[in-house]
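So the structure is just underneath, and the comments pick up after that.
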Amino acid sequence: KPTARPTVTPGANVAKNPTQSSAAPNTSAQKLRKGQLVKDTKTKVYYKILSITSSGGTVAYVKPVGKKSKSITIAASTVLDGHTFKVVAVSAKAYKGCSKLQKVTIGKNITSIGKNAFAGCKKLKKITIKSTKLKSGAIGKNAFKGTAKNLVVKVSKKQYKAYKKFLKKKGNKKVKIKK
6 KPTARPTVTP GANVAKNPTQ SSAAPNTSAQ KLRKGQLVKD TKTKVYYKIL SITSSGGTVA
66 YVKPVGKKSK SITIAASTVL DGHTFKVVAV SAKAYKGCSK LQKVTIGKNI TSIGKNAFAG
126 CKKLKKITIK STKLKSGAIG KNAFKGTAKN LVVKVSKKQY KAYKKFLKKK GNKKVKIKK
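Residue 34 in my numbering is what sits at position 29 of the sequence shown, and the numbering runs on without skipping anything.
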């Protein structure tokens, strides 16, 4: 006696991105668009696309794939789907509560850091900021709250005076700013 077969809808079992592995070797997206959240499998990071141009555009660093890293580098740029994007922002709560994080390097194109971006990273002792484009209003409230009491932020000589003024107001009053 033949068994009843379920009805097969054409295209129902087709993957959403059938050319995912060949078209974009280090991203999980096939067609990039503004506002899209993209996972870069090479660097294990989620980015949000802020703008797109013919040669690339800008993205915000949203969060890591896992929060077990001891040391991270937020790059100045990244390649997604064959296009180079500038990383211009660190999103709010990007590393909030990442208890193992000890060292962060922030790339030269970063213009903003979201509120609570590194809040609760109790072991975070060293931050290197390569960007010279940060302004006081561009760093969110409590961005460094709950970090190690002996936190040291290394900045460029050119921005030392300006950064020293406003970094202490962003969550860790005992932060030490170095050139």
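We put the beta carbon where it would ideally sit given N, CA and C, even for glycine.
If distances are taken between C-alpha atoms only, which option among ILE77, ALA148 and ILE182 comes closest to LYS163? The shortest CA-to-CA distance from LYS163 to any of ILE77, ALA148 and ILE182 is the one to ILE182.
C-beta atoms of GLN107 and LYS130 nearer than 8 angstroms: Yes. Within cutoff.
For SER56, which of helix, strand or coil comes out of DSSP? Reduced to three states, the DSSP call for SER56 is strand.
Looking at ALA80 and VAL92, is the spacing between their C-beta atoms short of 8 angstroms? Taking the C-beta atoms as reference points, ALA80 is found nearer than 8 angstroms to VAL92.
Counting along the chain, where does the beta strand (DSSP E) carrying LYS181 start and finish? 181-183 is the extent of the beta strand (DSSP E) around LYS181.
Roughly how many angstroms separate the alpha carbons of GLY112 and GLN41, rounded to a whole number? If you draw a straight line from the Cα of GLY112 to the Cα of GLN41, it is about 22 angstroms long.
When the distance is taken between beta carbons, is ILE132 closer than 8 angstroms to VAL158? Between VAL158 and ILE132, the C-beta spacing is below 8 angstroms.
Select from PHE123, ASP45 and LYS175 the residue whose C-alpha is nearest the C-alpha of CYS103. The alpha carbon of CYS103 has as its nearest neighbour, out of PHE123, ASP45 and LYS175, the alpha carbon of PHE123.
Closest by C-alpha distance to ALA99, when choosing among LYS138, PHE149 and LYS140: Taking ALA99 as reference, the option from LYS138, PHE149 and LYS140 with the minimal CA-CA separation is PHE149.
May I ask you to report which of helix, strand or coil DSSP gives SER82? Taken through DSSP and simplified to helix, strand or coil, SER82 comes out as strand.
Could you check which residue in VAL70, LEU85, LYS138 and GLY119 has the C-alpha nearest to that of GLY61? If we check each option's Cα against that of GLY61, LEU85 comes out closest.
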